[in-house]
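Contents: one structure, followed by commentary.
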Amino acid sequence: MRKELCLCMLVILCCMACHKKAKKQEEPVLQIEVAQVRVDSVVMKYEFVSHLKSNYDAVIQPRVNGYLLRKNFSAGMPVRRGQLLFVIDANLLNTSVRAAEASLASAEAQAVEARSNYERAVPLAEINAISRSQLDQYTAQYRSAESAVRSARQSLESARLQAGYTRIYSPIDGIVAYADVHEGDYVGPGTQFSTLTTISNLDTLSAQLAIPTSLYMDYAHQATNIYDNGNLLSDIELYLADGSRYEYGGVYDYTQQNISPTSGTITIVVKFPNPESRLKAGEYARVLTGLGARKSRLLIPQQSVSRIQGVESVWVVKADSTVEYRAIKTLGSHGRMWVVGSGLQPDEHVALTGLQKLHGGMKVIPKKAE
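Taking this note's numbering, the leading residue of the sequence shown gets 1, the next gets one more, and so forth.
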């Protein structure tokens, strides 16, 4: 009985094996497109997300105290260098100017008298009509009067300068911010309104690229100066919030002093020209830039790579037209290609189509993609 049971099981297993083999033989051969792993000299491109910042801001602060008479701008609008922004009441300072003018006139009159006395005393001293000590006295009075004139003239210039500070002009071209101060407010150093407004220069805008330290060291290991990374970046491109590419390329500006203690990144600042004022400070931006020197790399089409739970893989088509699953590691993109760091060899072929239908050892008909 046991021998008959074993014989029966053996027959069933043989039938199943024959059925499976027949099914496999009946399975149609799949035709797929393939691409060859290409070797090319490329610069690795990386994308950074940032926000645009103005090149610099000019803080407008009054140098003198007084009541604000007039604001001569509209908040948020462009202003030009030399444009009048604020006017402060100058009556008190004008009084100081007039007092300084009077002091100068008095000093000049005294200097004229002292000079006349000195010029009359010189020939008298030569004929001994007056003593040498009297001549020295007239000389000292003359020099003192001249010094008084110079001091009075400087006081007048200072008074005029202080009066001129009542008219505040824009020091740069830029966009002026909203000003909390209103006409009639008392402004100036030590008051509630010690700062009137801020002007942002938008001729050039900058973006900060936070590069992980490990990535930076991979590409800048030959750099002699960590604070000068002008040769590290290349082909700096800016993409706006709508996905469009900004027409002007960026340039390296500087490297920030310290490494971020929280994120462990080195921040490199790049800048973009803004001649048509298309860019605005605070605007979201994606910056795509080449990092490091040009180097020979392996390239494969992006459509050949599958990503599942962080694992990147491709189907490699071998010389006998069978496929093999292969886990790989990509380093970044280069146009429509992925740059491969490991997992593939030059001249191998990867599948482009039918990826969901493939399984290990499967026979295919490879066709090179056009």
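From the three backbone atoms N, C-alpha and C, an ideal C-beta is built for every residue, glycine too.
query	result
Which listed residue (D40, V29 and Q356) has its alpha carbon closest to that of R385	No information on residue 385 is available, as it lies outside the stretch 1 to 370 that the chain covers here.
Segment limits, beta strand (DSSP E) that includes S96	Careful: S96 lies outside any beta strand (DSSP E), inside the alpha helix (DSSP H) at N91 to E126.
Check whether G343 and A327 have beta carbons under 9 angstroms apart	yes
Cβ pair count under 8 angstroms reaching 3, the region 169-176 against the region 188-196	no
Nearest neighbour of I300, chosen from G290, V311, G292 and A369 [CA to CA]	A369
Same chain, Cβ closer than 8 angstroms to E183, five either side skipped, listed in chain order	L68, L69, R70 and K71
Distance cut-off 8 angstroms: E119 Cβ against heavy atoms of the ligand PLP	Annotation note on the ligand PLP: not contained in the displayed structure, which lists no ligands.
Start-to-end residues for the alpha helix (DSSP H) that takes in M362	Here M362 belongs to no alpha helix (DSSP H), and DSSP marks it neither H nor E.
Whole-angstrom distance between N94 and N117, CA atom to CA atom	35 angstroms
Spatial distance of M44 from I175 (CA atoms)	37 angstroms
The region 229-248 / the region 273-290 touching (three or more Cβ pairs under 8 angstroms)	yes
K24 in three-state terms, based on DSSP	With a pLDDT of 48 at K24, under the threshold of 50, the predicted position of this residue should be treated as unreliable, though the coordinate-derived value follows. DSSP places K24 in helix when its eight states are reduced to three.
Coil, strand or helix - C8 by DSSP	Only weak support exists for where C8 lies, its pLDDT of 49 falling under 50; the coordinates are left without a value.
V305 versus L352 - alpha carbon distance	8 angstroms
Three CB pairs or more closer than 8 angstroms across the region 196-211 and the region 269-279	yes
Contact check, Y165 vs P62, beta carbons under 9 angstroms	yes
Reduced DSSP category for L233 - H, G, I as helix; E, B as strand; rest coil	strand
For A148, the nearest candidate out of A210, V112, G341 and I199 (CA to CA)	V112
Cβ shell of Q356 (< 6 angstroms), same chain only, five flanking positions each side left out	none
Enclosing beta strand (DSSP E) for T267 [first to last residue]	T265 to P273
Nearest neighbour of S321, chosen from E283, Y248, I365 and D57 [CA to CA]	I365
Residues near V311 in its chain [Cβ-Cβ closer than 8 angstroms; skip 5 each side]	A327
Between the CA atoms of N201 and V87 - distance to the nearest angstrom	22 angstroms
Proximal residues to I130 (C-beta, below 7 angstroms), its chain only, five neighbours per side dropped	A121 and L124
Buried versus exposed, by CB contacts within 10 Å (16 or more), E26	Here the model assigns E26 a pLDDT of 48, short of 50, so the residue's position is not dependable, and the following value carries that caveat. Classification of E26: exposed, given that the 10 Å Cβ count is below 16.
Exposed unless 16 or more other CB atoms sit within 10 angstroms - verdict on G360	exposed
Residues near D253 by beta carbon distance below 7 angstroms, same chain, minus five either side	S206, V269, V270 and K271
With 16 other Cβ atoms within 10 Å as the buried cut-off, status of G76	exposed
Same chain, Cβ closer than 7 angstroms to A281, five either side skipped, listed in chain order	L52, K53, S54, S200, L202 and L205
Residue(s) in a DSSP beta bridge with V87	R70 and R167
CA-to-CA distance, D185 to G230, given in whole angstroms	48 angstroms
For A145, the nearest candidate out of A105, V251, L331 and P189 (CA to CA)	A105
Pairwise C-alpha distance: Q36 and L30	19 angstroms
R286 (DSSP reduced to helix, strand or coil)	strand
G184 at chain D interface by Cβ criterion, 9 angstroms	The displayed structure is made up of one protein chain only, and chain D is not part of it.
Selected residue, minimal CA-CA separation from K92, among G82, A114, L84 and N65	It is worth fixing the name first, because residue 92 is Leu in this sequence and not Lys. Considering only alpha carbons, the answer is N65.
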